[in-house]
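Q:
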Amino acid sequence: MHELELKFAVPSYQQSVLRKNIDTKTAQQQRLSAYYFDTPNQDLAKKGIALRIRFEDSQWVQTLKTAGDGVAKRVELNTVLSLTGTPDTLDVSRLVPDISLITEPIVVAQLTNIMPLDELAQALTVQYFTDVQRTSRQIKKNNSRIEIAYDIGKVGIGHLNSRKSANNHELTQSDIHEIEFELLEGDPSDLIDIAKTWCKKYKLYLSTVTKAQRGSLLLANKQFAEPVKADLAVLPLHKGISQFAFLQAVVNNCLVQILPNASAIAEGSPDGNLVHQLRVGIRRLRTALKHFKFAQDYIDPNWLMVLKQTFSLLGEYRDKEILQIKTQPLLESVGAPHVEWSTAVDIMPIDAVRANDFQILLLELIGFTHLPVPADNPKAKAPVAKKLEKLFTAIAAASDKFASLDTDSQHGVRKDLKSLRYVSEFAAPLFANQNNGKKGKKATKLKAFLQYLEPAQDVLGEYNDNVVGHANYLEKAKTDPNALFAVGWFSGREQASAEQCAVSLKAVKNAPKFWS
């Protein structure tokens, strides 16, 4: 029912050599033609569900996939249909999904939450097709069997053999060049090791965009996926969870945010909000690895180093982008001369994300989330509460003297505040409803605590933007005298802004602590 697979995009300059390496004597060739079904409102896609009917091995197979853990594991349900004909001869109107064949209780519940099953069956229509040539072969590592499949083809709106879409629009298509590694049986760590080897050799980069998602993007007339924010609703924790399992769940939750944003950037999206959300995800992950030292024997010290390097490279780009699209227009509105920032970036986000060391790191993190939990691993709740108390106490102590601290120390307080917020969000399920009869009270205290933190974080974030802006314009003034206006403008705001930060931090001291 579950599949564990990793999918990569293939750089154009590696496509021919990669195909030759896969197309050995034991390789299999398949033409895979599929039609994907959804409601007119894309109700399945909105829930991360894909429903297709595909021609494979001379038969038509109905497949339903769900999002799974959001990273590498997905639920897949396959049923052979009693249909004859090939993709070139079959009347597409005969392809009708049979919802009654889906009997897995969890999946049935997901579908029922969308709409009653009889209504869903009536609402389903063909949305788009895929037509790919798959070259695949199996390899063994230790006691594991892994399938490597290289897909080349297209996804398009409408019907495979028509020249126009069902809506009478010109057929819209996009190319597919992707390689998948699927664990057929064995140890997930073997899958990760094989993927790392190929990733290093062919400079592959992880892609989270499924064929179904590519079709949905075409329907929306979009080339790239939208930025993905953190989703704590998919953080499956309980108060008795072990330290190791807690860290695995937190890392997985961070990857659910990091991977799709990194994937879109690696494919070439210029959206600066993707960079912002990727940096948020990396910051959350760095916070978790730094403050939850629950699995040191399994954590590579290089992880934090690579995360810091990537975060910094993305930060340099993001800082310059903010200067260009936000700060400089604001300054010009109050009389500042023009300063150009568009040519100030040395490394673009696509280069930072496609970098092999970052891609290998992502694979190793995915591998960590699939390790077995050590026996007799202690519970996470007590040390997490201790960490929350330590961070809270440090911020409370700094609040009385923030305005008088030097810039580096102020930045340290801001990082502590962010850490407290992220640790609080990760930890919240451990303390929710912990006292019988006080469910509502606990939920209210948690919400109130986070509400105290967020305004302070916003104020300190704006202050840090001013500090960064001041430093950038000060450096720019060495070669461009037009930047001197901004230097003076930022200097004049610094003290008042620092005092405002101090006020907001003092308010945090009054926040009700949900962990005690």
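Count along the sequence shown from 1, then add 605; that gives the number in the numbering used here. Even for Gly, the Cβ is constructed at its ideal location relative to N, Cα and C. Nothing here was measured: the structure is a model prediction, and the numbers come from that model.
1) Return the bridge partner residues of F642 from the DSSP annotation.
2) Taking all protein chains shown into account, decide if V880 is buried (16 or more other Cβ within 10 angstroms of its Cβ) or exposed.
3) Rounding to the nearest angstrom, what Cα-Cα distance links R888 and T631 in this structure?
4) Just curious, the alpha helix (DSSP H) that A881 is in, first and last residue?
5) Which word fits P954, buried or exposed, when buried means at least 16 other C-beta atoms lie within 10 angstroms of its C-beta?
6) Do you know how far the Cα of A1001 is from the Cα of R1123?
7) Taking the continuous alpha helix (DSSP H) assigned at A1033, which residues delimit it?
8) Measuring straight from C-alpha to C-alpha, what distance separates P1086 and A1116?
9) Kindly list the residues whose CB is nearer than 7 Å to the CB of G972, restricted to its own chain and excluding five residues on each side of it in sequence; keep chain order.
10) Per DSSP, F786 forms a beta bridge with which residues?
11) Tell whether a beta-carbon distance below 8 Å holds between L637 and R739.
12) Does the region 859-874 come close enough to the region 820-840 to have 3 or more Cβ pairs within less than 8 Å?
13) Select from P983, Q933, P977 the residue whose C-alpha is nearest the C-alpha of V1092.
14) At the level of alpha carbons, what is the spacing between K1023 and V760?
15) Measure the alpha-carbon distance for A639 versus A957 and round it to whole angstroms.
16) With the cut-off set at 8 Å, would you say P645 and T735 are in Cβ contact?
17) Report the three-state DSSP secondary structure of K1111 (helix, strand or coil).
18) Below 8 Å, how does it come out for the region 1024-1035 and the region 1001-1012: are there three or more Cβ pairs, yes or no?
19) Mind reading off the beta-carbon distance from E783 to F613? Whole number of angstroms is fine, and I expect it under 8 Å.
20) Which one or two residues does DSSP pair with W908 in a beta bridge?
21) Measuring only the C-alpha atoms, how far is D951 from Q619?
22) Is it buried or exposed, K1046, if we count other Cβ atoms within 10 angstroms and call 16 or more buried?
23) Taking the beta strand (DSSP E) that R679 belongs to, which residues open and close that run?
24) For L966, report the span of its alpha helix (DSSP H) as first-last.
25) Just to confirm the assignment, what range does the beta strand (DSSP E) spanning T668 have?
26) Less than 8 Å separating the beta-carbons of L1129 and I654?
27) Please identify the residue among P977, R819, H607 whose C-alpha is closest to the C-alpha of E790.
28) To the nearest angstrom, report how far apart S779 and L823 are at their CA atoms.
29) Start and end of the alpha helix (DSSP H) containing Q929?
30) Are there three or more Cβ pairs, one per stretch, closer than 8 Å when the region 846-855 is compared with the region 976-991?
31) Taking N1077 and L883 to be in contact with their CB atoms under 8 Å, please state how far apart those CB atoms are, rounded to whole angstroms.
32) In whole angstroms, give me the CA-to-CA distance for A900 and Q853.
33) Does D795 come out as helix, strand or coil in the three-state DSSP assignment?
34) Buried or exposed: where does N747 fall if 16 or more other Cβ atoms within 10 Å of its Cβ makes it buried?
35) Report all residues from its chain with a CB closer than 6 Å to the CB of N1041; omit the five preceding and five following residues, and keep chain order.
36) On the DSSP letters alone, give me the boundaries of the alpha helix (DSSP H) that T717 sits inside.
A: In short:
1) L656, V731
2) buried
3) 44 Å
4) Residue identity differs from the one stated: residue 881 is His in this sequence, not Ala. That run of the alpha helix (DSSP H) goes 877-896.
5) buried
6) The structure shown does not extend to residue 1123, since the chain is modelled only from 606 to 1121, so the question has no answer here.
7) 1012-1036
8) 46 Å
9) P793, S794, I797
10) L611, I753
11) yes
12) yes
13) Q933
14) 42 Å
15) 35 Å
16) no
17) helix
18) no
19) 7 Å
20) DSSP lists no partner for W908.
21) 25 Å
22) A caution first: K1046 carries a pLDDT of 49, below 50, which makes its placement in the model unreliable, though a value can still be read off. That one is exposed.
23) 678-685
24) 961-974
25) 664-670
26) Since the displayed the chain opens at 606 and closes at 1121, residue 1129 lies outside it and no answer follows.
27) H607
28) 8 Å
29) Per DSSP, Q929 belongs to no alpha helix (DSSP H) and is neither H nor E.
30) yes
31) Not confirmed; about 21 Å, so no contact.
32) 9 Å
33) helix
34) exposed
35) No answer about N1041 holds up, because its pLDDT of 43 lies below 50 and its placement is not dependable.
36) 710-719
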